[in-house]
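In the UniProt record's numbering, the protein residues as written are 1 to 400.
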């Protein structure tokens, strides 16, 4: 079960644990009663298939315990040693459940093969064994329906795996029912064959659980349609020119992602940060299972453009500026130096203070007028801070 991509908010870790604990305790009580009933009935009525199914149910009881412990550990909040939380405990527990299933399947299969090899000694089960097979089938299917509803509601892959565990039990009980019925009808070896089929089916389910969970442990990405949902959520944010290097990974019932977004190359650091925050909110709103989203802000697509590596930083450039303009009156008028690292080069913008009082006063009045018009026309006056109007001189050839 992969993290849900719907917009419905996920329950908290505490809520998920309480729901998982209750559903698992219900399953444990049912499995306890069934295991004892099946094994005793199988022994009394000479049904190896019913005994095999009882052992299978007993293994379910152990797996219920694993689910309980794992759910409790996974519900813990992130800490210093586990900054991404404990969601992988659920994944690891699912692997354990799968391995336990495989061991049980091999034991059941070996016993069935031995009985088939000694076919002349095979005796059929009593007809009363049929009633217990029907009882098991109904109980296991009921457990599946109940558990899978809870798993879907809280988004728990571990509980979902346990639900399918119950469904596999129901199917194996159906096979047992057919085997016992055939044996009662005069084919006693069919009971052992049914036990062997159950073993194969359990082994198949174990392989699916282990394979899927092991893939998650090595940081498997989300499904393509889920990644597409994330990309759409990023693309709808104003200011995002493109998104690249999007990486996702599953963390139990949750997920994490990191992405690089390209913004206009000369915007301020704070604007870029604001866009990144909006990307975070947009992605979380469209995909609540993403508990951790890291957004890198790029002024250009660093997958395609020349990387600005090894270029001088601000201390070196300002020192160069002081040396180049030494003795020039404009050096004392420098108010701000802007640096933009684009296309493998550093672009420098120097803002100078106008010392010509007449020219300065005229430009200043005009700047104040323009700034005030912007302020009055804004729908976000309360959120608008300082407005600076800068003039940039150009030479006759149009270069600044």
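Positions of the beta carbon are idealized from the N, C-alpha and C atoms, including for glycine.
Note that the coordinates shown come from a computational prediction; the quantities given were computed from them, not determined experimentally.
Just the Cα atoms here: how many angstroms apart are residue 16 and residue 141? Position 16 of the chain shown, counted from the first residue, corresponds to residue 16. Position 141 of the chain shown, counted from the first residue, corresponds to residue 141. Distance between the alpha carbons of residue 16 and residue 141 is about 23 Å.
Consult DSSP for residue 221 and reduce its assignment to one of helix, strand or coil. Here residue 221 is taken as the residue at index 221 of the chain shown, counted from 1. In the structure shown, residue 221 sits in coil (DSSP, three-state: anything other than H, G, I, E or B).
Inside the UniProt domain "Cation efflux protein cytoplasmic" (223–300) only - alpha helix (DSSP H) runs reaching at least 4 residues: 224–235 and 269–286
If contacts are defined as beta-carbon pairs under 8 Å, then residue 192 and residue 112 qualify, I think. What distance do you get, rounded to the angstrom? By 1-based counting over the chain shown, the position of residue 192 is 192. By 1-based counting over the chain shown, the position of residue 112 is 112. Correct: roughly 5 Å between the Cβ atoms.
Would you report the Cα separation of residue 94 and residue 266, rounded to the nearest angstrom? Taking the chain shown and counting its residues from 1, the one referred to as residue 94 is at position 94. Taking the chain shown and counting its residues from 1, the one referred to as residue 266 is at position 266. Looking at the two C-alpha atoms, the distance is approximately 49 Å.
Could you check where the beta strand (DSSP E) with residue 160 kicks off and where it finishes? Reading the chain shown from its first residue, position 160 is the one you call residue 160. Premise fails: residue 160 lies in the alpha helix (DSSP H), 157–184, not in any beta strand (DSSP E).
Report the residue from 92, 39 and 325 whose alpha carbon sits nearest the alpha carbon of residue 216. Here residue 216 corresponds to residue number 216 of the chain shown, with the count starting at 1. Among 92, 39 and 325, the Cα nearest to that of residue 216 is on 92.
Own chain partners of residue 23 with C-beta closer than 6 Å, once the 5 adjacent residues on each side are dropped: Within the chain shown, residue 23 is the residue found at index 23, counting from 1. Counting only Cβ-Cβ distances below 6 Å, and skipping sequence neighbours, we find 147 and 150.
Within 10 Å of its beta-carbon, does residue 245 have 16 or more other beta-carbons around it, so buried, or fewer, so exposed? As a working note, residue 245 is residue 245 in the chain shown. Counting Cβ neighbours within 10 Å, residue 245 comes out exposed, since fewer than 16 surround it.
Starting from the Cα of residue 130, find the closest Cα among 97, 176 and 157 and give me that residue. Against the chain shown, residue 130 aligns to sequence position 130. Selected option, being the one with the closest Cα: 176.
Which word fits residue 232, buried or exposed, when buried means at least 16 other C-beta atoms lie within 10 angstroms of its C-beta? Walking along the chain shown from the start, residue 232 turns up at place 232. Classification for residue 232: exposed.
Does residue 303 come out as helix, strand or coil in the three-state DSSP assignment? Translated into positions along the chain shown, residue 303 becomes position 303. If DSSP states are grouped into helix, strand and coil, residue 303 belongs with coil.
When DSSP labels each residue in this structure, what does residue 82 get in the three-state scheme? Here the question's residue 82 lines up with position 82 in the chain shown. In this structure, residue 82 counts as coil in the three-state DSSP scheme.
Among 200, 351 and 108, which has the Cα closest to the Cα of residue 54? Residue mapping note: residue 54 aligns to position 54 of the chain shown, counting from 1. Cα-wise, what sits closest to residue 54 is 108.
Looking at the secondary structure, which residues open and close the alpha helix (DSSP H) in which residue 107 lies? The residue given as residue 107 occupies position 107 in the chain shown. Note, residue 107: alpha helix (DSSP H), 88–117.
To which residues of the same chain is residue 210 closer than 6 Å at the C-beta, ignoring the five residues directly before and after it? The residue given as residue 210 occupies position 210 in the chain shown. The answer, listed in chain order, is 95 and 98.
Identify whether residue 46 lies in helix, strand or coil by the three-state DSSP scheme. Within the chain shown, residue 46 is the residue found at index 46, counting from 1. Residue 46: coil per DSSP, three-state reduction.
My assumption, with CB atoms under 8 Å, is that residue 348 sits in contact with residue 337. Please give the rounded CB distance. As a position in the chain shown, residue 348 is number 348, starting the count at 1. As a position in the chain shown, residue 337 is number 337, starting the count at 1. Between residue 337 and residue 348 the Cβ distance is about 7 Å, and since that is below 8 Å, they are a contact.
In terms of residues, what are the limits of the alpha helix (DSSP H) holding residue 149? Along the chain shown, read from residue 1 onward, the residue named residue 149 stands at position 149. Per DSSP, residue 149 belongs to the alpha helix (DSSP H) from 129–154.
Just to check my reading of the structure: residue 328 and residue 353 have Cβ atoms closer than 8 Å, yes? What is that Cβ distance to the nearest angstrom? Within the chain shown, residue 328 is the residue found at index 328, counting from 1. Within the chain shown, residue 353 is the residue found at index 353, counting from 1. 14 Å between Cβ atoms; not a contact.
Taking the beta strand (DSSP E) that residue 338 belongs to, which residues open and close that run? Here residue 338 refers to the residue found at position 338 when the chain shown is read from its first residue. 334–342 is the extent of the beta strand (DSSP E) around residue 338.
Cβ shell of residue 67 (< 8 Å), same chain only, five flanking positions each side left out: Sequence index remark: in the chain shown, residue 67 carries index 67 (1-based). If we look at residue 67 and ignore the five residues flanking it on each side, its Cβ neighbours are 20, 24, 93, 97, 158, 159 and 162.
In three-state DSSP terms, what is residue 120? On the chain shown, residue 120 is found 120 positions in, with the first residue counted as 1. Residue confidence is low: residue 120 scores 49 on pLDDT, short of 50, so the model does not pin down where it sits. Its coordinate-derived value is still stated next. Residue 120 falls in the helix class under three-state DSSP.
Residue 238 versus 272, 343 and 318, residue with shortest Cα-Cα distance: On the chain shown, position 238 is the one that residue 238 refers to. Comparing Cα-Cα distances from residue 238 to each of 272, 343 and 318, the minimum goes to 272.
CB contact flag (residue 89, residue 70, <8 Å): Position 89 of the chain shown holds residue 89. Position 70 of the chain shown holds residue 70. Cβ atoms of residue 89 and residue 70: closer than 8 Å.
Nearest candidate by alpha-carbon position, reference residue 166, set 261, 34 and 284: Within the chain shown, the letter at position 166 stands for residue 166. Among 261, 34 and 284, the Cα nearest to that of residue 166 belongs to 34.
In terms of residue numbering, what span does the alpha helix (DSSP H) encompassing residue 352 cover? Start at 1 with the first residue of the chain shown, and residue 352 comes out as number 352. Premise fails: residue 352 lies in the beta strand (DSSP E), 345–352, not in any alpha helix (DSSP H).
Please go through the same chain and pick out, in chain order, the residues whose beta-carbon is closer than 7 Å to the beta-carbon of residue 295, but skip the five residues on each side of it. Counting from one through the chain shown, the residue named residue 295 turns up at place 295. Cβ neighbours of residue 295 beyond the five flanking positions: 259, 261, 276, 279 and 280.
With C-beta atoms as the reference, is residue 250 less than 8 Å away from residue 220? The sequence position of residue 250 within the chain shown is 250, counting from 1. The sequence position of residue 220 within the chain shown is 220, counting from 1. Closer than 8 Å, so yes.
Could you tell me the distance, in whole angstroms, from the CA atom of residue 361 to the CA atom of residue 368? For this step, residue 361 is matched to residue 361 along the chain shown. For this step, residue 368 is matched to residue 368 along the chain shown. Near 10 Å, if we compare the C-alpha coordinates of residue 368 and residue 361.
Using only the alpha-carbon positions, how far apart do residue 376 and residue 366 sit? By 1-based counting over the chain shown, the position of residue 376 is 376. By 1-based counting over the chain shown, the position of residue 366 is 366. Cα-Cα distance, rounded: 15 Å.
Is DSSP giving residue 323 helix, strand or coil here? Residue 323 sits at position 323 when you count from the first residue of the chain shown. Helix at residue 323.
With distances taken from CA atoms, which of 312, 61, 248 and 309 is nearest residue 224? The sequence position of residue 224 within the chain shown is 224, counting from 1. Per the Cα distances, 248.
Classify residue 155: buried if its beta carbon has 16 or more other beta carbons within 10 angstroms, exposed otherwise. Stepping through the chain shown from its first residue, residue 155 is reached at position 155. When all chains shown are included, residue 155 counts as buried.
Just checking my contact of residue 203 with residue 174 at CB under 8 Å: how many whole Å lie between their CB atoms? To locate residue 203, count along the chain shown from 1; it is residue 203. To locate residue 174, count along the chain shown from 1; it is residue 174. 17 Å between Cβ atoms; not a contact.
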